[in-house]
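Respectively, the protein sequence lines represent chains E and C. Sequential numbering from 414 applies to the first sequence in my numbering. Sequential numbering from 414 applies to the second sequence in my numbering.
There are 2 protein chains.
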Amino acid sequence: MIAASATAPTNSSNSSEHCCVPTPVDTLVPPPDHETLAAMAKAVAHPARLAILQLLTNRETCVTGDVVAELPLAQSTVSEHLRILREAGLIQGEIEGPRTRYCVDATGLAILRAGINAL
Amino acid sequence: MIAASATAPTNSSNSSEHCCVPTPVDTLVPPPDHETLAAMAKAVAHPARLAILQLLTNRETCVTGDVVAELPLAQSTVSEHLRILREAGLIQGEIEGPRTRYCVDATGLAILRAGINAL
DNA sequence: ATCGTCCATCGTCGAACAACGATCGTGAAC
DNA sequence: GTTCACGATCGTTGTTCGACGATGGACGAT
């Protein structure tokens with residue numbers, strides 16, 4: 414799945430690129446049902462995953478290695494957290510050659526916010 | 414299950430009483446740290462607990478028995494969920510004779526919202 | 001073709017969670 | 001006093017989570 418841009422020079426880790434949508438509007442999403450909201454809240458209910466989300470928000474793009482470097486966790490553990498966030502619809506990842514670039518999914522985040530705010 | 418009518422004249426359920434604060438303003442709370450936010454999100458990350466929160470929001474007050482009557486769960490399980498929500502600071506409970514009256518903790522909910530919205 | 005890097009996945013282990021029935025304490029009613 | 005209803009807590013069971021090392025696939029470079 415996923416397509417790649419593939420215009421990038423071999424310069425690796427950080428650089429000002431955006432992987433996904435350039436931060437679309439986060440509005441007008443209806444609050445989700447209890448099952449969906451519970452799943453999203455569970456994905457967020459871990460300090461490491463909150464740290465990842467914040468990291469992605471601040472840097473606006475990260476490959477897996479960047480996240481691993483920032484957290485005191487093993488690579489496999491970080492990859493697992495990224496998978497959980499991705500399956501919850503809170504982040505997006507696109508394969509970029511040998512690495513994977515992640516960014517926050519603004520729509521998913523908006524859905525979560527809508528659900529929480531509707532409580 | 415469980416007796417609701419018949420013998421007992423213990424008419425209890427609804428009545429217009431408020432147990433806690435009369436819905437104070439929910440503003441100006443700072444977003445919590447990752448640990449606190451994760452704990453609150455975990456408390457919310459269950460469909461039954463979301464249902465309880467919604468129930469308390471709509472009815473504005475509930476004794477435990479009311480909640481048990483609305484959910485397809487055993488009394489002990491509901492009591493457990495109520496405990497988790499209370500320890501997370503999302504609801505308040507005050508003992509009222511032989512029963513316990515619960516209501517949402519607007520401040521706690523505001524903290525949760527602030528944390529989620531700050532993502 | 002071979003090698004090295006990056007990262008997702010697998011397998012495992014201990015800890016935490018979810019649900020339940022059973023029990024106990026407490027307050028109201030008799 | 002006794003009795004009853006209410007609800008929190010205990011003890012158990014099965015499931016899920018969180019972390020890790022190890023494995024393997026994909027890609028770029030040599």
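Heads up, the beta-carbon is just placed ideally off N, CA and C, and yes, glycines get one too. Values in this document were obtained by computation on a predicted structure and should not be read as measured data.
Inter-residue CB distance, residue i and residue j (contact presumed, cutoff 8 Å)
i: alanine 527 of chain E; j: proline 460 of chain E; result: Not a contact, Cβ separation roughly 24 Å.
i: alanine 458 of chain C; j: alanine 531 of chain E; result: Between alanine 531 of chain E and alanine 458 of chain C the Cβ distance is about 16 Å, and since that is not below 8 Å, they are no contact.
i: isoleucine 465 of chain E; j: histidine 494 of chain E; result: 6 Å
i: valine 491 of chain E; j: threonine 477 of chain E; result: 7 Å
Residue i versus residue j - alpha carbon distance
i: alanine 417 of chain C; j: leucine 484 of chain E; result: Residue placement at alanine 417 of chain C is poorly supported in this model, since its pLDDT is 32, which falls under 50; the coordinates still yield a value, given next. Taking the straight line from one Cα to the other gives about 53 Å.
i: valine 480 of chain E; j: isoleucine 508 of chain E; result: 15 Å
i: threonine 470 of chain E; j: arginine 496 of chain C; result: 34 Å
i: isoleucine 504 of chain E; j: alanine 456 of chain E; result: 11 Å
i: isoleucine 524 of chain C; j: proline 445 of chain C; result: 7 Å
i: leucine 441 of chain C; j: glutamine 467 of chain E; result: 21 Å
i: leucine 450 of chain C; j: alanine 454 of chain E; result: 10 Å
i: leucine 522 of chain C; j: leucine 463 of chain E; result: 18 Å
i: aspartate 439 of chain C; j: glutamate 473 of chain C; result: Because the pLDDT at aspartate 439 of chain C is just 47, under 50, the model does not fix this residue reliably, and the value given afterwards should be weighed accordingly. The alpha-carbon atoms of aspartate 439 of chain C and glutamate 473 of chain C are separated by roughly 16 Å.
i: alanine 519 of chain C; j: glycine 502 of chain C; result: 9 Å
i: arginine 499 of chain C; j: glutamine 488 of chain E; result: 36 Å
i: cysteine 475 of chain C; j: alanine 482 of chain C; result: 11 Å
i: valine 517 of chain E; j: isoleucine 529 of chain C; result: 14 Å
i: glycine 506 of chain C; j: leucine 486 of chain E; result: 39 Å
i: serine 510 of chain E; j: alanine 452 of chain E; result: Reading the sequence as shown, one finds glycine at residue 510 of chain E and not serine. The straight-line gap from Cα to Cα measures roughly 31 Å.
i: tyrosine 515 of chain C; j: tyrosine 515 of chain E; result: 42 Å
Terminal residues of the alpha helix (DSSP H) in which residue i lies
i: glutamate 448 of chain E; result: 447 to 457
i: aspartate 518 of chain C; result: Neither: aspartate 518 of chain C is in no alpha helix (DSSP H) and is coded neither H nor E.
i: glutamate 473 of chain E; result: Segment: none, glutamate 473 of chain E is in no alpha helix (DSSP H) and carries neither H nor E.
i: valine 491 of chain E; result: 488 to 500
Residue i, enclosing beta strand (DSSP E) - first and last residue
i: glycine 506 of chain E; result: 504 to 509
Sheet register partners of residue i (DSSP bridge)
i: threonine 513 of chain C; result: C:Ile508
* Report the residues of the stretch 451 to 476 of chain C with a CB closer than 9 Å to any CB of chain E, ordered along the chain. => Ala451, Ala452, Met453, Ala454, Lys455, Ala456, Val457, Ala458, His459, Pro460, Ala461, Arg462, Leu463, Ala464, Leu466, Gln467 and Thr470
* Selection of the stretch 498 to 526 of chain E by Cβ proximity to chain C, strictly under 7 Å -> Leu522, Leu525 and Arg526
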